[in-house]
């Protein structure tokens, strides 16, 4: 049987993997709230990407999109919510919401604890999972913020094929935010998804490190309203 065109194959992979990627990848948005939003400020964001899968021998990140908004309740606490347009394109409703706590008032981005709930579903199947994450970072230059940390995807409930997957999916990440203006940042996030899982067992088309997990990359942009520091 001849291979389908790249576009068709990519979209087929997206349709197949969205619920699994949501669990493994902590809802697939960049971890931009590791940079504190700040009291009274609001940040809108969008991201594109996911685990790399093999198409014609080349690694191609799954083109999964996320759009979100975050608000600084205080200088130490941010809340956020996201929707998932690519999932919606394939008839899968996806919503996420959570909180980020920056406990060190003297250097707020040095340590962040986050928690979120994420739900994906259609008429027949669904999954609910939590993400408990920790991150740290800081400014390497006035225009560059570097950080990293660990996401912990925890499946709380699920039906269909997602119920057969690992209930815990730790994902290591590194984030670079390029602050192109006082309000706009471009984000590049590298991830090692599901580091505790057999890479070939999680999804045969993924690119693991050795035989563990899967490599991936996310690109994002955010715009901040308000007068707080970036």
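In my numbering, the protein residues as written are 24 to 253. Even glycine gets a Cβ: it sits at the ideal position worked out from N, Cα and C. It should be emphasised that the depicted structure is a prediction, and the values quoted were computed from it without experimental measurement.
- If you look at residue 108, you'll find it in the alpha helix (DSSP H) that goes 108 to 112.
- Contact between the stretch 192 to 200 and the stretch 160 to 177 is established, with three or more Cβ pairs separated by less than 8 Å.
- Non-local beta-carbon contacts of residue 135 in its own chain, meaning distances under 6 Å to residues more than five positions away in sequence, involve 57, 123, 125, 158 in chain order.
- Rounded to whole angstroms, the separation of the alpha carbons of residue 67 and residue 121 is 15 Å.
- Residue 205 carries a coil assignment under DSSP once its states are collapsed to helix, strand and coil.
- Within the stretch 213 to 247, complete alpha helix (DSSP H) segments of at least 4 residues are found at 222 to 225, given in chain order.
- Following the DSSP letters along the chain, one finds residue 82 inside the beta strand (DSSP E) bounded by residues 81 to 84.
- Taken through DSSP and simplified to helix, strand or coil, residue 178 comes out as strand.
- Out of 156, 211, 82, the CA that lies nearest to the CA of residue 237 is found in 82.
- Nearest C-alpha to residue 242 among 72, 61, 55: 72.
- Under the DSSP assignment, residue 73 falls in the beta strand (DSSP E) whose first and last residues are 65 to 78.
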